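**Student:** Got a structure for you, written out below as structure tokens; questions coming shortly.
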Amino acid sequence: SRMRSQEAQLSTADTPEDAKKYQERTNEAVDAFRKYHANAMKAADSPNEKKALDETLTGFNEYVQISKKIGDFATAANIPDAVKILRTESSNSNKKLRGMVDKIVEDMALGGQKAHAEGSKVFQRAKTLIIVAMLAAIAIGIVMAFWLANLVARPLQTAVIFAQSIANGDLTKHLDAKS
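As structure tokens, then:
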């Protein structure tokens, strides 16, 4: 859309200086698109996505050639021909290019939805695993607490019984100390 607006400005430029200014801005838009395309190619993860990006670049390069025609006519102060190309060739090429970009965006959105669904599954599995691990840790902790309590309580209980028997006057008992 940046390029399209610059083409419109370029095709109706009042002076060669204005035409040059709008052509420079168009060139900046071209460079930006190529940069975005290169980044998208690096991020593309399927052959279909790379193919669609390559086709879009080819369509974009055709669009750039048409835009150059507009610039040439505008620089030569041939505004009627520049406007004619803007309204026909450029408009058709831009429409075709928008369709290609829309297809890429649609494919990427579907890929994002698939990735989200897969991420949700992984999250649910991890959550379940964490809950099971926590419950297992709690169960093990409870068992160990009872075991430790018995380990300490039995000798104490034996000592208490021994102490009570001595308090009752039975001095025949004896206590084995284990450490």
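If you're matching positions, the sequence shown starts at 153 in this note's numbering and goes up one per residue.
Using N, Cα and C, we set each Cβ at its ideal position, and we do this for glycine too.
None of these values were measured; they are calculated from a predicted model.
Do you know how far the Cα of residue 201 is from the Cα of residue 240?
**Tutor:** On the sequence shown, residue 240 is found 88 positions in, with the first residue counted as 1. On the sequence shown, residue 201 is found 49 positions in, with the first residue counted as 1. Whole-angstrom Cα-Cα distance: 29 Å.
**Student:** Which runs of the beta strand (DSSP E) fall wholly inside the segment 249 to 306 and span at least 3 residues, in chain order?
**Tutor:** The qualifying runs do not exist here; there are none.
**Student:** Which stretch, first to last residue, makes up the alpha helix (DSSP H) that contains residue 180?
**Tutor:** Numbered from 1 along the sequence shown, position 28 holds the residue referred to as residue 180. It spans 168 to 195 - the alpha helix (DSSP H) in which residue 180 sits, taken as one unbroken run.
**Student:** Applying the 10 Å Cβ sphere with the 16-neighbour rule, what's the burial state of residue 174?
**Tutor:** As a working note, residue 174 is residue 22 in the sequence shown. Looking at its Cβ environment, which holds 16 or more other Cβ atoms inside 10 Å, residue 174 is buried.
**Student:** Please state the DSSP three-state secondary structure of residue 223.
**Tutor:** The residue labelled residue 223 in the question sits at position 71 within the sequence shown. Note: residue 223 maps to helix in three-state DSSP.
**Student:** I need the boundaries of the alpha helix (DSSP H) containing residue 159, first residue and last residue.
**Tutor:** Residue 159 sits at position 7 when you count from the first residue of the sequence shown. Its alpha helix (DSSP H) spans residues 154 to 163.
**Student:** Alpha carbon to alpha carbon, how far is residue 169 from residue 242?
**Tutor:** As a first step, residue 169 must be located in the sequence shown, where it is residue number 17. As a first step, residue 242 must be located in the sequence shown, where it is residue number 90. Using only the alpha carbons, I get a separation of about 22 Å.
**Student:** What's the C-alpha gap between residue 301 and residue 292?
**Tutor:** Numbered from 1 along the sequence shown, position 149 holds the residue referred to as residue 301. Numbered from 1 along the sequence shown, position 140 holds the residue referred to as residue 292. Each residue's alpha carbon lies about 14 Å from the other.
**Student:** Just tell me which of 163, 209, 172 and 171 has its CA closest to the CA of residue 184.
**Tutor:** Residue mapping note: residue 184 aligns to position 32 of the sequence shown, counting from 1. The shortest C-alpha separation from residue 184 is found at 209.
**Student:** Using 8 Å as the cut-off, can you tell me whether the segment 216 to 236 makes contact with the segment 155 to 169, which would need three or more C-beta pairs spanning the two stretches below that distance?
**Tutor:** Touching, yes, given that three or more Cβ pairs across the two stretches are closer than 8 Å.
**Student:** Following the continuous alpha helix (DSSP H) through residue 236, name the residue where it begins and the one where it ends.
**Tutor:** Looking up residue 236 in the sequence shown gives position 84. Run containing residue 236: 231 to 237, per the alpha helix (DSSP H) assignment.
**Student:** Would you decide whether residue 296 is buried or exposed? Buried here means 16 or more other CB atoms lie within 10 Å of its CB.
**Tutor:** What you label residue 296 is simply residue 144 of the sequence shown in a count that begins at 1. Residue 296 is exposed by the Cβ-count criterion.
**Student:** Is it true that the CB of residue 245 sits closer than 9 Å to the CB of residue 211?
**Tutor:** Numbered from its first residue, the sequence shown carries residue 211 at position 59. Numbered from its first residue, the sequence shown carries residue 245 at position 93. Closer than 9 Å, so yes.
**Student:** Of the choices 303, 259, 269 and 272, whose alpha-carbon is the least far from that of residue 192?
**Tutor:** Within the sequence shown, numbered from 1, the residue matching residue 192 stands at position 40. Out of 303, 259, 269 and 272, 259 has the C-alpha closest to the C-alpha of residue 192.
**Student:** What number of angstroms, rounded off, separates the C-alpha of residue 205 from the C-alpha of residue 248?
**Tutor:** Position 53 of the sequence shown, counted from the start, is the residue given in the question as residue 205. Position 96 of the sequence shown, counted from the start, is the residue given in the question as residue 248. So the two alpha carbons sit approximately 14 Å from each other.
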